[in-house]
Amino acid sequence: MDTAKVLDVLNAIGAKIEEEKEYLTELDNVIGDGDHGINMARGFQMVETKLPTLADKDIGTILKTVGMTLVSTVGGSSGPLYGTAFMKAGMTMAGKTEMSLEDFIQCLDVAIEGVKMRGKAVQGEKTMLDAMIPALDAMKAALTPDAAPKTILEIGVGAAWEGVEYTKTIIATKGRASYVGERSIGHQDPGATSFSYILETISNCLYGGIMVGIVIVSHSEKLAEGVVDVTKIMADGCPIVAAGGMEDGSFGTSYEKIMMAIESVHGPEGVLVLMDMGSAVMTTEMVLEDLGYDDVFMVDCPIAEGAIAATLASCAGADLAGVKQEALSSKTADKL
Ligand code: ADP
Ligand code: MG
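Numbering (this note's numbering), first residue to last: 3 to 338.
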């Protein structure tokens with residue numbers, strides 16, 4: 003991700019914390035002093051007001067500024083803790099304007115070291131570390147050369163929430179929650195929860211909503227558009243476009259229309275093209291040869307039923323192979 007994306011992500015984190023403010027505060031009410039949501043929301047609100055001034059700065063400077071802002075505005079112990087975490091990450095990213103997945107994992111690594119140092123805490127004391135450390139470990143373990151960054155982050159998010167569940171089973175020995183001792187059992191840690199929301203927001207902001215695109219090629223403009231309309235009723239939100247008829251709307255298939263349609267829905271997850279027959283197939287083949295993408299597939303299936311199956315799968319988060327498989331299954335699905 004580049005600098006602009008980092009700013010987007012920070013904005014999204016602010017919005018998520020604001021959304022979960024009451025809930026985080028409620029959690030802190032049970033085992034602490036009931037201010038975690040309020041504290042975090044105050045800090046991230048101030049961060050949001052600073053973001054526009056950071057547009058031309060490197061990622062290191064942005065993260066350090068976030069950290070310093072949190073230290074001075076959050077109030078509770080989560081201020082210096084999250085503040086240290088962001089400042090340490092900022093040091094790792096000093097001068098950089100691009101952040102890779104490896105960079106991100108490195109940032110989480112040093113952030114954890116920072117929290118351990120500042121809070122004099124280790125794993126298993128019912129703190130934010132009980133979500134942070136499992137998330138880091140899971141992502142490191144999943145980091146193989148051919149693993150998709152999206153999958154690795156999702157694994158991290160899953161491990162963080164499992165960590166939150168684990169905090170219910172242990173006694174707090176650090177922070178205010180340690181005052182309630184045994185009574186803290188059965189209740190999840192607010193800091194572990196807020197961290198999991200932060201990681202989840204980063205994952206959603208980077209990879210959420212990115213779906214396989216779908217193109218419907220037909221000799222008839224009306225038919226292609228009609229198929230798209232039907233899928234919108236069943237699975238709204240999927241990037242699907244019609245490439246029907248000729249440029250002037252007459253009957254036939256248009257190289258330009260098909261190419262533009264594919265380009266308009268082509269994203270990181272690729273595109274599936276459904277065609278009626280004859281020249282629709284041949285023209286699409288020519289477009290694909292010229293585009294040279296390795297993530298645009300044609301599928302041999304009925305266009306209406308296939309489009310519905312494909313858009314439902316795409317909306318459910320399936321990858322290109324999975325969406326193609328669903329579209330193909332429409333070929334043999336019984337209607338009666
Ligand atoms: P305070 O406890 O000062 O009211 P917050 O309510 O904002 O601050 O934050 C509480 C959260 O901070 C806890 O749920 C826990 O995750 C985390 N926390 C508190 N103390 C420590 C510590 N020493 N080390 C690591 N995390 C801690
Ligand atoms: Mg508190």
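Idealized CB from N, CA, C, for every residue including glycine. In this text the structure is predicted, and so the values were computed from the model without any measurement.
Return the residue from the list the options that minimises the CA-CA distance to residue i.
| i | options | result |
| --- | --- | --- |
| D58 | L29, S74, P241, K7 | K7 |
| I135 | V301, L103, T169, G319 | T169 |
| E21 | I33, L131, Q47 | Q47 |
| G324 | D4, G62, V301 | V301 |
| G177 | T153, T94, A150, T129 | T129 |
| I33 | E127, V182, E271 | V182 |
| L29 | V73, M288, Q190 | Q190 |
| R44 | T63, P304, G16, M119 | G16 |
| A329 | K337, A91, L338, A306 | A306 |
| V214 | A133, V283, E167, I264 | I264 |
| T285 | Y257, A87, G121, K142 | Y257 |
| P147 | R185, V166, K98, L103 | L103 |
| M222 | G251, I204, I216 | The sequence given here places Ser at residue 222; Met does not occur at that position. Per the Cα distances, G251. |
| G210 | G228, L276, P270, K259 | P270 |
Using a Cβ-Cβ cutoff of less than 8 angstroms, which residues in the same chain neighbour residue i once the five nearest sequence positions on both sides are dropped?
| i | result |
| --- | --- |
| L138 | I107, L110, D111, I114, G158 |
| I310 | V232, T233, M236, A237, S332 |
| K122 | K176 |
CA-CA distance, residue i and residue j?
| i | j | result |
| --- | --- | --- |
| A179 | M261 | 60 angstroms |
| I235 | V243 | 14 angstroms |
| M248 | A335 | 31 angstroms |
| Y199 | K18 | 7 angstroms |
| T71 | H268 | 39 angstroms |
| G81 | V117 | 11 angstroms |
| M95 | G69 | 13 angstroms |
| G85 | L201 | 16 angstroms |
| T27 | D37 | 5 angstroms |
| L145 | I154 | 7 angstroms |
| N31 | L83 | 19 angstroms |
| M141 | A161 | 9 angstroms |
| T313 | I212 | 13 angstroms |
| D1 | P151 | Within the shown structure, residues of the chain are numbered from 3 to 338, placing residue 1 beyond reach of any answer. |
| L65 | A133 | 21 angstroms |
| M119 | K90 | 11 angstroms |
| G39 | I216 | 41 angstroms |
| G92 | C303 | 51 angstroms |
| T67 | V49 | 8 angstroms |
| E156 | G294 | 30 angstroms |
Specify the secondary structure class of residue i as computed by DSSP and reduced to three states.
| i | result |
| --- | --- |
| D297 | coil |
| I173 | coil |
| D321 | coil |
| S196 | helix |
| V217 | strand |
| D191 | coil |
| D10 | helix |
| D4 | strand |
| C303 | coil |
| K326 | helix |
| T203 | helix |
| I212 | coil |
| A309 | helix |
| K18 | helix |
| L332 | The sequence as given places Ser at residue 332; Leu does not occur at that position. Of the three classes helix, strand and coil, the one that applies to S332 here is coil, per DSSP. |
| G338 | According to the sequence provided, residue 338 is Leu. The question's Gly does not apply to it. Note: L338 maps to coil in three-state DSSP. |
| S180 | helix |
| S316 | helix |
| S186 | helix |
Spatial neighbours of residue i within its chain, please: CB distance less than 6 angstroms, with the 5 preceding and 5 following residues excluded, ordered by chain position.
| i | result |
| --- | --- |
| C317 | A237, G239, C240 |
| S220 | A226, G246, D278 |
| E100 | D4 |
| F299 | L274, K326 |
| S281 | T255 |
| G193 | S80, T129, M130 |
| T175 | E127 |
Output needed for residue i: all residues of its chain with C-beta closer than 7 angstroms, excluding positions within five of it in sequence on either side, in chain order.
| i | result |
| --- | --- |
| C207 | D10, V11, A14 |
| M42 | I19, L26, V76, S80, S196 |
| L53 | L9, L12, N13 |
| D61 | Per the sequence shown, the amino acid found at residue 61 is Ile instead of Asp. Within the same chain, I61 has close Cβ partners T5, V8, M95, K98, T99, M101. |
| G188 | K170 |
| S186 | I33, K128, I173, A174, A179 |
Write down every uninterrupted run of the beta strand (DSSP E) in the stretch 23-99 whose length is 3 residues or greater and which is fully enclosed by it, in chain order.
none
Could you tell me which uninterrupted alpha helix (DSSP H) segments, each at least 4 residues in length, are contained entirely in the stretch 111-168, listed from first to last along the chain?
131-144
What are the start and end residues of each continuous beta strand (DSSP E) run of 3 or more residues lying completely inside the stretch 223-294, in chain order?
242-246, 273-277
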